[in-house]
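A.B. asks: Numbering (the numbering used here), first residue to last: 116 to 384. Every residue gets a Cβ at the ideal spot worked out from N, C-alpha and C, and that includes glycine. Pasting in a structure now, in structure tokens, and then I'll have a few things to ask.
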């Protein structure tokens, strides 16, 4: 158990700080590579949809049907899945549109004559986006931590999916902050720090939820995580990928993400 706890904290930290990778890419290019952006967003969606439906949902169903019986367990699985979707949808409703982490920002959209340095509106967008990412990542941290305790292989898969998803979110924070302040270091720091809510969520799970974790709660968390990740993919990642799509690049990314996650899961068997 101690080894799993350390692994869980390590995975959530890695996943959360992946926002820094996105900011690094964003801050050292003058234009956005739309093909890469479209491919990477589709790739993220493929990873998240595959691992959610093929692995996490099935794990939730097995855990809950074992604990509650076939009929009650099946209903609980579906309830947790839909509940996860509703939860992330409600969170999105309370996030201002200009700060929504699924509203991807391109470098050239910020770097225009009307968007000069020291622009307070751009800075507000960057701060709102960082806060929104923190709100989104907090429950993801709890889920990744709990999943790793129950099944380390599932925890690794969830952490990889979240980390890939967090890279474009890092771009969404860094771009407006950079063009608002002219400071790469400020943009990188804010983007990097926005991912810390992931390990903070894990810490909350460790300090508060640990005594209550059992098979039923694990199963519901798994089902909710699957719902959250599918919603993010369908509502945020795929529409953004299609926005910058060229010659079905996003679909190739989607297939590649699914294939990679499929191979990764097979290697953990």
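1. Suppose the cutoff is 6 Å on Cβ atoms and the five residues either side in sequence are ignored; what does the same chain contact list for residue 127 look like?
2. Are there 16 or more other CB atoms within 10 angstroms of the CB of residue 205, so buried, or fewer, so exposed?
3. Please confirm whether residue 371 and residue 160 have their CB atoms less than 8 Å apart.
4. So residue 203 and residue 273 are supposed to be a Cβ contact under 8 Å. How far apart are they, rounded?
5. Going by the beta-carbon positions, is the gap between residue 379 and residue 275 smaller than 8 Å?
6. Following the continuous alpha helix (DSSP H) through residue 207, name the residue where it begins and the one where it ends.
7. Need the endpoints of the alpha helix (DSSP H) that residue 88 sits in, please.
8. As a quick exercise: from 358, 310, 381, pick the residue whose alpha carbon is nearest that of residue 151.
9. Locate the alpha helix (DSSP H) running through residue 311, then write down its first and last residues.
10. Nearest to residue 364 by alpha carbon, out of 327, 135, 149, 374?
11. Using 10 angstroms around the beta-carbon of residue 243, count the other beta-carbons present and answer buried if the total reaches 16, otherwise exposed.
12. Where does residue 356 sit, in a helix, a strand or coil, going by DSSP?
13. Can you tell me whether DSSP reads residue 143 as helix, strand or coil?
14. For residue 123, name the three-state secondary structure that DSSP assigns.
15. Could you give the distance in angstroms between the alpha-carbon of residue 119 and the alpha-carbon of residue 263?
16. Using the three-state DSSP reduction, which class does residue 328 fall into: helix, strand or coil?
17. Going by alpha carbons, who is nearest to residue 305 out of 343, 327, 248, 331?
18. Considering Cα atoms alone, identify which of 129, 181, 207 is closest to residue 329.
C.D. replies: According to the data block:
1. 256, 259, 260, 313, 314, 317
2. Around the beta carbon of residue 205, a 10 Å sphere encloses fewer than 16 other beta carbons of the protein chains shown; the residue is thus reported as exposed.
3. Between residue 371 and residue 160, the C-beta gap is not smaller than 8 Å, which leaves the two residues out of contact.
4. Going by Cβ atoms, the distance from residue 203 to residue 273 rounds to 15 Å, so no, they are not a contact pair.
5. yes
6. 185–208
7. Residue coverage of the chain in this structure runs from 116 to 384, which leaves residue 88 outside it and unanswerable.
8. 358
9. Where residue 311 is concerned, there is no enclosing alpha helix (DSSP H), given that its DSSP letter is neither H nor E.
10. 149
11. buried
12. helix
13. coil
14. helix
15. In this model, residue 119 and residue 263 are separated by some 7 Å (Cα to Cα).
16. coil
17. It is 248 whose Cα lies nearest to the Cα of residue 305.
18. 181
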